[in-house]
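Asks: Please see the structure below; I have some questions.
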Amino acid sequence: MLIKDAINVGEKIEVVVRGRLNADPKTCFSMVQDVPQDDELLITMPTIKGEPVVLAIGQRVTVNFFRERGQFYFEAEVMDRQQTEAIQLIRLKRVSPIHRIQRRNFYRLKINLPVLFRLADQNNQPDRTDYIKAYTVDVSGGGMRLLTDEELKPGQQLECRLSIGEKDFLELKGLVIRVSPCVEGHYRFEAGIKFVDILESERDRLIRFIFQQQRRLKAKGLI
660 MLIKDAINVG EKIEVVVRGR LNADPKTCFS MVQDVPQDDE LLITMPTIKG
710 EPVVLAIGQR VTVNFFRERG QFYFEAEVMD RQQTEAIQLI RLKRVSPIHR
760 IQRRNFYRLK INLPVLFRLA DQNNQPDRTD YIKAYTVDVS GGGMRLLTDE
810 ELKPGQQLEC RLSIGEKDFL ELKGLVIRVS PCVEGHYRFE AGIKFVDILE
860 SERDRLIRFI FQQQRRLKAK GLI
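In terms of our numbering, the sequence shown opens at residue 660 and continues consecutively.
Next comes the structure, spelled out in C-alpha coordinates:
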(Lines of atoms letter the chains of each structure in order from A; the text may use other names.)
(Lines give C-alpha, C1' and ligand atoms only; values in the text may rest on other atoms or scores of the structure.)
Protein backbone atom coordinates (compact mmCIF):
# COMPACT_ATOMS: atom_id res chain seq x y z
CA MET A 660 0.00 0.00 0.00
CA LEU A 661 1.32 3.43 -0.95
CA ILE A 662 0.83 6.55 1.13
CA LYS A 663 -0.98 8.27 -1.74
CA ASP A 664 -3.57 5.45 -1.63
CA ALA A 665 -3.88 5.43 2.17
CA ILE A 666 -3.88 9.04 3.41
CA ASN A 667 -5.82 12.07 2.23
CA VAL A 668 -4.80 15.72 2.04
CA GLY A 669 -6.37 17.60 4.96
CA GLU A 670 -6.42 14.50 7.16
CA LYS A 671 -5.38 14.75 10.81
CA ILE A 672 -2.68 12.30 11.86
CA GLU A 673 -0.64 11.44 14.93
CA VAL A 674 3.16 11.71 14.86
CA VAL A 675 4.91 9.73 17.59
CA VAL A 676 8.29 11.21 18.43
CA ARG A 677 10.66 8.98 20.35
CA GLY A 678 12.69 10.66 23.07
CA ARG A 679 16.35 10.17 23.82
CA LEU A 680 17.55 7.40 26.11
CA ASN A 681 14.66 6.26 28.31
CA ALA A 682 12.37 9.25 27.71
CA ASP A 683 8.77 8.36 26.90
CA PRO A 684 7.65 8.84 23.29
CA LYS A 685 5.54 11.92 22.61
CA THR A 686 2.30 11.69 20.63
CA CYS A 687 1.89 14.87 18.58
CA PHE A 688 -0.83 16.04 16.24
CA SER A 689 -0.46 17.23 12.67
CA MET A 690 -2.36 17.63 9.40
CA VAL A 691 -1.48 16.40 5.93
CA GLN A 692 -0.93 19.30 3.51
CA ASP A 693 0.20 17.39 0.42
CA VAL A 694 1.27 13.99 -0.89
CA PRO A 695 4.04 15.08 -3.28
CA GLN A 696 5.18 11.55 -4.12
CA ASP A 697 3.89 8.01 -3.71
CA ASP A 698 5.59 7.52 -0.32
CA GLU A 699 6.04 11.06 0.94
CA LEU A 700 3.92 13.38 3.05
CA LEU A 701 4.05 17.10 3.58
CA ILE A 702 2.60 17.82 7.03
CA THR A 703 2.24 20.76 9.38
CA MET A 704 4.69 21.10 12.24
CA PRO A 705 3.54 18.58 14.89
CA THR A 706 2.18 20.06 18.11
CA ILE A 707 1.33 19.01 21.67
CA LYS A 708 -1.21 21.17 23.48
CA GLY A 709 -0.70 23.79 20.79
CA GLU A 710 3.08 23.94 21.28
CA PRO A 711 5.27 23.03 18.26
CA VAL A 712 7.55 19.99 18.46
CA VAL A 713 10.70 20.58 16.41
CA LEU A 714 11.86 17.64 14.29
CA ALA A 715 15.42 17.29 13.00
CA ILE A 716 16.25 16.26 9.45
CA GLY A 717 17.02 12.55 9.49
CA GLN A 718 14.92 11.92 12.60
CA ARG A 719 12.68 8.83 12.63
CA VAL A 720 9.04 9.07 13.73
CA THR A 721 5.94 6.88 13.69
CA VAL A 722 2.85 8.07 11.83
CA ASN A 723 -0.58 6.86 13.03
CA PHE A 724 -3.80 7.25 11.07
CA PHE A 725 -7.23 5.84 11.64
CA ARG A 726 -9.95 4.22 9.58
CA GLU A 727 -13.22 2.50 10.40
CA ARG A 728 -11.32 -0.78 10.04
CA GLY A 729 -8.87 0.21 12.75
CA GLN A 730 -5.54 1.91 13.34
CA PHE A 731 -2.66 1.93 10.84
CA TYR A 732 0.93 3.08 11.29
CA PHE A 733 4.28 3.28 9.55
CA GLU A 734 7.79 4.52 10.24
CA ALA A 735 8.96 7.67 8.48
CA GLU A 736 12.09 9.81 8.21
CA VAL A 737 12.19 13.60 8.27
CA MET A 738 13.56 14.63 4.87
CA ASP A 739 13.13 18.40 4.88
CA ARG A 740 11.63 21.41 6.65
CA GLN A 741 9.90 24.13 4.66
CA GLN A 742 8.73 27.55 5.77
CA THR A 743 5.74 29.17 4.10
CA GLU A 744 4.34 32.60 4.86
CA ALA A 745 1.86 31.11 7.30
CA ILE A 746 3.17 27.78 8.61
CA GLN A 747 6.21 25.53 8.79
CA LEU A 748 5.94 22.21 6.96
CA ILE A 749 7.73 18.90 7.41
CA ARG A 750 8.41 16.49 4.56
CA LEU A 751 8.30 12.83 5.63
CA LYS A 752 9.32 9.74 3.67
CA ARG A 753 7.89 6.33 4.55
CA VAL A 754 10.66 3.87 5.45
CA SER A 755 8.60 0.86 6.55
CA PRO A 756 5.50 -1.03 5.41
CA ILE A 757 2.12 0.25 6.53
CA HIS A 758 0.93 -1.95 9.38
CA ARG A 759 -2.52 -2.49 10.79
CA ILE A 760 -2.91 -2.99 14.53
CA GLN A 761 -4.72 -6.23 15.27
CA ARG A 762 -8.10 -5.99 16.98
CA ARG A 763 -6.83 -7.64 20.16
CA ASN A 764 -4.30 -4.81 20.52
CA PHE A 765 -6.80 -1.98 20.18
CA TYR A 766 -6.56 0.85 22.62
CA ARG A 767 -8.65 0.36 25.78
CA LEU A 768 -10.29 3.65 26.65
CA LYS A 769 -10.86 4.42 30.33
CA ILE A 770 -14.25 6.11 30.33
CA ASN A 771 -17.51 5.96 32.26
CA LEU A 772 -20.32 5.35 29.78
CA PRO A 773 -23.88 4.40 30.71
CA VAL A 774 -24.85 0.85 29.77
CA LEU A 775 -28.20 -0.91 29.92
CA PHE A 776 -28.05 -4.71 29.99
CA ARG A 777 -30.27 -7.73 30.55
CA LEU A 778 -29.60 -11.44 30.65
CA ALA A 779 -30.13 -13.70 27.64
CA ASP A 780 -31.75 -17.10 28.05
CA GLN A 781 -30.21 -20.49 27.20
CA ASN A 782 -31.08 -19.99 23.53
CA ASN A 783 -29.21 -16.67 23.57
CA GLN A 784 -32.49 -14.74 23.40
CA PRO A 785 -32.96 -11.69 25.62
CA ASP A 786 -34.85 -12.14 28.84
CA ARG A 787 -37.95 -9.96 28.89
CA THR A 788 -37.05 -8.45 32.25
CA ASP A 789 -36.24 -4.77 32.49
CA TYR A 790 -32.82 -3.50 31.59
CA ILE A 791 -30.33 -3.01 34.42
CA LYS A 792 -28.24 0.15 34.47
CA ALA A 793 -24.46 0.00 34.76
CA TYR A 794 -21.39 2.03 33.82
CA THR A 795 -18.20 1.16 32.02
CA VAL A 796 -14.76 1.30 33.63
CA ASP A 797 -13.18 1.03 30.20
CA VAL A 798 -14.09 -0.14 26.70
CA SER A 799 -12.29 -1.44 23.62
CA GLY A 800 -13.20 -2.94 20.29
CA GLY A 801 -13.32 -6.35 21.94
CA GLY A 802 -15.10 -5.80 25.22
CA MET A 803 -15.62 -3.68 28.31
CA ARG A 804 -15.49 -3.68 32.09
CA LEU A 805 -18.73 -2.86 33.88
CA LEU A 806 -19.60 -1.54 37.31
CA THR A 807 -22.90 -3.00 38.48
CA ASP A 808 -24.87 -4.01 41.56
CA GLU A 809 -26.08 -7.14 39.73
CA GLU A 810 -24.18 -10.28 40.72
CA LEU A 811 -23.32 -11.71 37.30
CA LYS A 812 -21.65 -15.07 36.74
CA PRO A 813 -18.95 -16.05 34.22
CA GLY A 814 -20.53 -17.65 31.17
CA GLN A 815 -23.73 -15.63 31.24
CA GLN A 816 -24.83 -13.98 28.00
CA LEU A 817 -25.95 -10.36 28.03
CA GLU A 818 -27.79 -8.05 25.70
CA CYS A 819 -26.26 -4.59 26.10
CA ARG A 820 -27.05 -1.06 25.00
CA LEU A 821 -23.86 1.00 25.15
CA SER A 822 -24.19 4.77 24.91
CA ILE A 823 -21.66 6.36 22.52
CA GLY A 824 -23.22 9.79 22.27
CA GLU A 825 -26.03 11.95 23.51
CA LYS A 826 -28.55 10.19 21.24
CA ASP A 827 -26.49 7.30 19.89
CA PHE A 828 -26.00 3.81 21.24
CA LEU A 829 -24.85 0.36 20.15
CA GLU A 830 -26.79 -2.86 20.75
CA LEU A 831 -24.22 -5.53 21.53
CA LYS A 832 -24.14 -9.10 22.79
CA GLY A 833 -21.68 -9.81 25.57
CA LEU A 834 -20.27 -12.81 27.38
CA VAL A 835 -19.39 -12.45 31.06
CA ILE A 836 -15.74 -13.51 31.40
CA ARG A 837 -15.00 -12.64 35.02
CA VAL A 838 -16.61 -10.97 38.03
CA SER A 839 -14.95 -9.51 41.10
CA PRO A 840 -16.12 -7.45 44.09
CA CYS A 841 -15.64 -3.69 43.84
CA VAL A 842 -13.28 -2.41 46.50
CA GLU A 843 -14.04 1.25 45.79
CA GLY A 844 -16.97 3.27 44.52
CA HIS A 845 -20.71 2.87 44.81
CA TYR A 846 -21.16 -0.46 43.00
CA ARG A 847 -20.86 -3.99 44.32
CA PHE A 848 -19.26 -5.75 41.36
CA GLU A 849 -16.92 -5.26 38.44
CA ALA A 850 -17.55 -7.55 35.45
CA GLY A 851 -15.35 -8.20 32.44
CA ILE A 852 -17.46 -8.53 29.27
CA LYS A 853 -16.34 -9.87 25.90
CA PHE A 854 -18.36 -8.84 22.84
CA VAL A 855 -19.67 -11.80 20.84
CA ASP A 856 -21.40 -12.11 17.48
CA ILE A 857 -20.69 -8.45 16.84
CA LEU A 858 -21.18 -7.08 13.34
CA GLU A 859 -18.04 -5.54 11.88
CA SER A 860 -20.01 -2.39 11.09
CA GLU A 861 -20.93 -2.08 14.77
CA ARG A 862 -17.38 -2.77 15.91
CA ASP A 863 -16.13 -0.11 13.48
CA ARG A 864 -18.58 2.42 14.95
CA LEU A 865 -17.31 1.61 18.44
CA ILE A 866 -13.65 1.81 17.41
CA ARG A 867 -14.24 5.11 15.66
CA PHE A 868 -15.87 6.47 18.83
CA ILE A 869 -12.95 5.26 20.95
CA PHE A 870 -10.37 6.90 18.69
CA GLN A 871 -12.34 10.16 18.65
CA GLN A 872 -12.46 10.19 22.45
CA GLN A 873 -8.78 9.24 22.67
CA ARG A 874 -7.77 12.14 20.42
CA ARG A 875 -10.00 14.54 22.37
CA LEU A 876 -8.46 13.51 25.69
CA LYS A 877 -4.92 13.73 24.30
CA ALA A 878 -5.60 17.19 22.92
CA LYS A 879 -6.65 18.26 26.44
CA GLY A 880 -3.55 16.64 27.95
CA LEU A 881 -5.63 14.23 30.00
CA ILE A 882 -3.90 11.09 28.69
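Positions of the beta carbon are idealized from the N, C-alpha and C atoms, including for glycine.
Measure from the alpha carbon of V792 to the alpha carbon of each residue in I757, F733, R820, then state which is nearest.
Replies: Translated into positions along the sequence shown, residue 792 becomes position 133. Before going further, note that residue 792 is Lys rather than Val in the sequence given. Here the closest residue by C-alpha is R820.
Asks: Which runs of the beta strand (DSSP E) spanning at least 3 residues fall entirely within the region 690–772, listed in chain order?
Replies: Counting whole runs of 3 or more residues, the region 690–772 contains the beta strand (DSSP E) stretches 699–703, 719–726, 729–742, 747–753.
Asks: Counting pairs of beta carbons, one from the region 803–820 and one from the region 829–844, are three or more of them closer than 8 Å?
Replies: Yes, the region 803–820 is in contact with the region 829–844.
Asks: Relative to the C-alpha of E825, which residue among T788, V774, V855, E861 is closest?
Replies: Against the sequence shown, residue 825 aligns to sequence position 166. When only C-alpha atoms are compared, the closest one is V774.
Asks: Ignoring anything shorter than 4 residues or poking outside the region 824–882, list the alpha helix (DSSP H) runs there in chain order.
Replies: Listed in chain order, the complete alpha helix (DSSP H) runs (minimum 4 residues) inside the region 824–882 are 859–878.
Asks: If you count every other CB in all the chains shown that lies within 10 Å of the CB of E849, and 16 or more means buried, which is it?
Replies: Within the sequence shown, numbered from 1, the residue matching residue 849 stands at position 190. Per the 10 Å Cβ criterion, buried.
Asks: Kindly list the residues whose CB is nearer than 8 Å to the CB of T788, restricted to its own chain and excluding five residues on each side of it in sequence; keep chain order.
Replies: For the purposes of this step, residue 788 is identified with residue 129 of the sequence shown, where counting begins at 1. So the qualifying residues of the chain are R777, L778.
Asks: Just curious, the alpha helix (DSSP H) that A665 is in, first and last residue?
Replies: One-based indexing of the sequence shown puts residue 665 at position 6. Note, A665: alpha helix (DSSP H), 662–665.
Asks: Taking the straight line between their C-alpha atoms, what separation do you get for R677 and L714?
Replies: Position 18 of the sequence shown, counted from the first residue, corresponds to residue 677. Position 55 of the sequence shown, counted from the first residue, corresponds to residue 714. So the two alpha carbons sit approximately 11 Å from each other.
Asks: Determine contact between the region 837–846 and the region 744–758, defined as no fewer than three beta-carbon pairs at a distance below 8 Å.
Replies: Flag = no, the region 837–846 and the region 744–758 do not touch.
Asks: Which residues share a DSSP beta bridge with G788?
Replies: For the purposes of this step, residue 788 is identified with residue 129 of the sequence shown, where counting begins at 1. Note that residue 788 corresponds to Thr in the displayed sequence, not to Gly. Partner(s): none; T788 has no beta bridge.
Asks: Examine the Cβ distances between the region 685–705 and the region 748–755 and report whether three or more of them are shorter than 8 Å.
Replies: Result yes; three or more Cβ-Cβ pairs closer than 8 Å.
Asks: Where Y766 and Q692 are concerned, what is the direct C-alpha to C-alpha distance, given to the nearest angstrom?
Replies: In the sequence shown, residue 766 corresponds to position 107, counting from 1. In the sequence shown, residue 692 corresponds to position 33, counting from 1. If you take the alpha carbons of Y766 and Q692, they lie about 27 Å apart.
Asks: Just reading off the beta strand (DSSP E) that K671 is part of, what are its end residues?
Replies: Start at 1 with the first residue of the sequence shown, and residue 671 comes out as number 12. Taken as a continuous stretch (DSSP letters only), the beta strand (DSSP E) holding K671 covers 671–676.
Asks: Is it buried or exposed, R753, if we count other Cβ atoms within 10 angstroms and call 16 or more buried?
Replies: Walking along the sequence shown from the start, residue 753 turns up at place 94. Counting Cβ neighbours within 10 Å, R753 comes out buried, since at least 16 surround it.
Asks: At a cut-off of 6 Å, is F870 close to the ligand PLP when judged by its beta-carbon and the heavy atoms of the ligand?
Replies: Here there are no bound small molecules, and the ligand PLP is not part of this structure.
Asks: Do T686 and V694 have their beta-carbon atoms positioned less than 7 Å apart in this structure?
Replies: Translated into the one-based positions of the sequence shown, residue 694 becomes position 35. Translated into the one-based positions of the sequence shown, residue 686 becomes position 27. Not closer than 7 Å, so no.
Asks: Pick out whichever of A665, K708, F870, P711 has its Cα sitting closest to the Cα of E699.
Replies: Here residue 699 refers to the residue found at position 40 when the sequence shown is read from its first residue. Checked all of A665, K708, F870, P711; the closest Cα to E699 is A665.
Asks: Tell me, which residues are paired with E923 by DSSP?
Replies: One cannot answer for residue 923 here, as it falls past the ends of the chain, which runs 660 to 882.
Asks: Taking 7 Å as the cut-off, decide whether the C-beta atoms of V737 and I757 are in contact.
Replies: As a working note, residue 737 is residue 78 in the sequence shown. As a working note, residue 757 is residue 98 in the sequence shown. It is not a contact, given that the beta carbons lie outside the stated cut-off.
Asks: Roughly how many whole angstroms lie between the Cα atoms of E859 and R804?
Replies: In the sequence shown, residue 859 corresponds to position 200, counting from 1. In the sequence shown, residue 804 corresponds to position 145, counting from 1. So the two alpha carbons sit approximately 20 Å from each other.
Asks: Let me know the secondary structure DSSP gives Q815 once reduced to three states.
Replies: Taking the first residue of the sequence shown as 1, we reach residue 815 at position 156. Here Q815 sits in coil by DSSP.
Asks: Name the DSSP beta bridge partners of G802, please?
Replies: Here residue 802 corresponds to residue number 143 of the sequence shown, with the count starting at 1. The partner list for G802 (beta bridge, DSSP) reads K853.
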